[in-house]
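Student: Heads up: the sequence shown begins at 125 in the working numbering, then just goes up one per residue. Even glycine gets a Cβ: it sits at the ideal position worked out from N, Cα and C. Once you've had a glance at the structure underneath, I'll fire off some questions.
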Amino acid sequence: MIARSIISLGHDLGLVVIAEGVETEHQRDFLVENGCHAFQGFMFSRPLPAKEFEVFAKASLA
């Protein structure tokens, strides 16, 4: 209920809602179903140093 409320509040305020700490497909699916379409967390990548992140980001866009 809290996650749904935060997503709704963000949309009502005209904000883009980004979910942090997404670790499983189930969590991501729940968020998508409730209107959140941007995520970060271990499901996608472990924390990276800046140089490694640049390589990861470029590869993700390809």
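By alpha-carbon positions, which one of Leu185, Ser132, Val179 and Ala186 ends up nearest to Glu157?
Tutor: Checking every option, the nearest Cα to that of Glu157 belongs to Ser132.
Student: Indicate whether at least one CB of chain D lies closer than 8 Å to the CB of Gly134.
Tutor: This model lacks chain D altogether, as it is built from one protein chain only.
Student: Please report the distance separating the alpha-carbon of Ser129 from that of Val140.
Tutor: Spanning the two alpha carbons is a distance of roughly 14 Å.
Student: Look at the alpha carbon of Leu155 and the alpha carbon of Met125, and state the distance between them as a whole number of angstroms.
Tutor: Rounded to the nearest angstrom, the two C-alpha atoms are 12 Å apart.
Student: Label Ala143 either buried or exposed according to how many other C-beta atoms from any shown protein chain fall within 10 Å of its C-beta, with 16 as the threshold for buried.
Tutor: Buried is the call here.
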